[in-house]
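Q: FYI, in our numbering the residues of the sequence shown are -13 to 227. Glycine residues also receive a C-beta, built at the ideal position from the N, C-alpha and C atoms.
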Amino acid sequence: MTTKQLKRSDGRKANELRKMTAKVGVVPNADGSAMFSFGDTVAIAAVYGPRQLHPQHLQNPSTGILRCVYDLLSFSVYDRKRPGPSRRSNEISKVTGWALEPAVDLDAFPNTVIDVQIYILQADAGTRTAGINAASMALAHAGIPMRDLVCSVALGKIDKDLIADLTKEEEDFKEGEGATDFAIAKLATCDEFSLLQMDGKIQPEKVKEITKMAEETCKEIYEVQKKALKDVVESDMEEKK
Ligand code: CDP
């Protein structure tokens, strides 16, 4: 990868996302569920609730609570991941909740909890963003009232070049200025970002370009999410005929 002519090892253009796949209704026992993938990164999300929160002293009479859990499955990464929570998974669970909350009408469900469980089946960078996309669809599938869908993507920089949807190989790029990774989440139809996380360094003037790339790529993600939700509604209607 040189600065003169950006060549990504998978042949993508700088602003090109990996192939996206989305499917809604993948966990029959859940109230809502979805799968979302960016290339080899595959996330699955299941939503349960709203249901009464226990223990009762944690209940909030003016709003419901969104409880997100994110984790990598042991076989999702090359070096087997030890099962159970870690500092990394606790952080990602927390920021996933922050990314989704602005889209969900939690005030409609006082004293309750909505559980969102996200598991990564296969990881090749961008797992938190794939997880947020899956969770957003799973919440809609569960019939939770939402202001919007949430679209999420990792953008960044390898040396001086801005790129979308980094692979693990790109995240590990060490030459020149190295790699910078920006995880963003955006409400699909309004100008509101619900997550901005950066790992690395970036020149302030490049942030504007990153924001533009975020808007464009989120539009593509939104189309994929909408199609998956429409497909499940249509297949449910077919079954009822
Ligand atoms: O996955 P995401 O980019 O949201 O988060 P990260 O913490 O920057 O992790 C980047 C990548 O490192 C993951 O997607 C995995 O491919 C890899 N990873 C790993 O191989 N083993 C771990 N225990 C954690 C991450």
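Here's the rule: buried if 16 or more other CB atoms are within 10 angstroms of the residue's CB, otherwise exposed. What is Thr(-12)?
A: Along the sequence shown, one-based indexing puts residue -12 at 2. The predicted position of Thr(-12) is uncertain, since its pLDDT is 42 and thus under 50; no value can be drawn from it.
Q: Nearer than 6 Å: is that true of the beta carbon of Ala20 relative to any heavy atom of the ligand CDP?
A: Working through the sequence shown from its first residue, we reach residue 20 at position 34. Every heavy atom of the ligand CDP is 6 Å or more from the Cβ of Ala20, so no.
Q: Following a CB-centred definition, is Val63 positioned closer than 6 Å to any heavy atom of the ligand CDP?
A: Along the sequence shown, one-based indexing puts residue 63 at 77. Val63: yes, Cβ under 6 Å from the ligand CDP.
Q: Ignore the nearest five residues each way along the sequence and tell me which others in Ala128's own chain have a CB closer than 7 Å to its CB.
A: Working through the sequence shown from its first residue, we reach residue 128 at position 142. So the qualifying residues of the chain are Asp17, Gly18 and Val33.
Q: Could you give the distance in angstroms between the alpha-carbon of Ser23 and the alpha-carbon of Ala150?
A: Here residue 23 is taken as the residue at index 37 of the sequence shown, counted from 1. Here residue 150 is taken as the residue at index 164 of the sequence shown, counted from 1. Taking the straight line from one Cα to the other gives about 15 Å.
Q: In the DSSP output, which residue or residues are listed as bridge partners for Ala234?
A: No answer is possible for residue 234: the residues shown for the chain start at -13 and end at 227.
Q: DSSP on Leu215, reduced to helix/strand/coil?
A: Within the sequence shown, numbered from 1, the residue matching residue 215 stands at position 229. If DSSP states are grouped into helix, strand and coil, Leu215 belongs with the helices.
Q: Quick one: grab the DSSP three-state call for Ile48.
A: Residue mapping note: residue 48 aligns to position 62 of the sequence shown, counting from 1. In the sequence as displayed, the identity of residue 48 is Ser instead of Ile. In this structure, Ser48 counts as coil in the three-state DSSP scheme.
Q: Would you mind sorting Leu181 into buried or exposed? The rule is 16 or more other CB atoms within 10 Å of its CB.
A: Against the sequence shown, residue 181 aligns to sequence position 195. Buried.
Q: State the Cα-Cα distance for the pair Phe61 and Lys67, rounded to the nearest angstrom.
A: Taking the sequence shown and counting its residues from 1, the one referred to as residue 61 is at position 75. Taking the sequence shown and counting its residues from 1, the one referred to as residue 67 is at position 81. About 7 Å.
Q: Who are the near neighbours of Arg4 in its chain, counting only those whose CB is closer than 6 Å to its CB and skipping five residues on each side?
A: The count along the sequence shown starts at 1 and reaches residue 4 at position 18. For Arg4, where only same-chain residues beyond five positions count, the Cβ hits under 6 Å are Phe24, Gly25 and Asp151.
Q: Which residue from Ser221, Cys176 and Leu86 puts its Cα closest to that of Ala116?
A: Along the sequence shown, read from residue 1 onward, the residue named residue 116 stands at position 130. Ranking the options by Cα distance to Ala116, first place goes to Leu86.
Q: Check for me: the beta strand (DSSP E) holding Ile118 runs from which residue to which?
A: As a first step, residue 118 is located in the sequence shown; it is residue number 132 there, counting from the start. Note, Ile118: premise wrong, no beta strand (DSSP E); alpha helix (DSSP H) at Thr113 to His127.
Q: Return the residue from the list Glu220, Val136 and Met199 that minimises the CA-CA distance to Gly314.
A: With the chain covering -13 to 227 only, the question about residue 314 has no answer from this structure.
Q: Let me know the secondary structure DSSP gives Ser62 once reduced to three states.
A: The sequence position of residue 62 within the sequence shown is 76, counting from 1. Ser62: helix per DSSP, three-state reduction.
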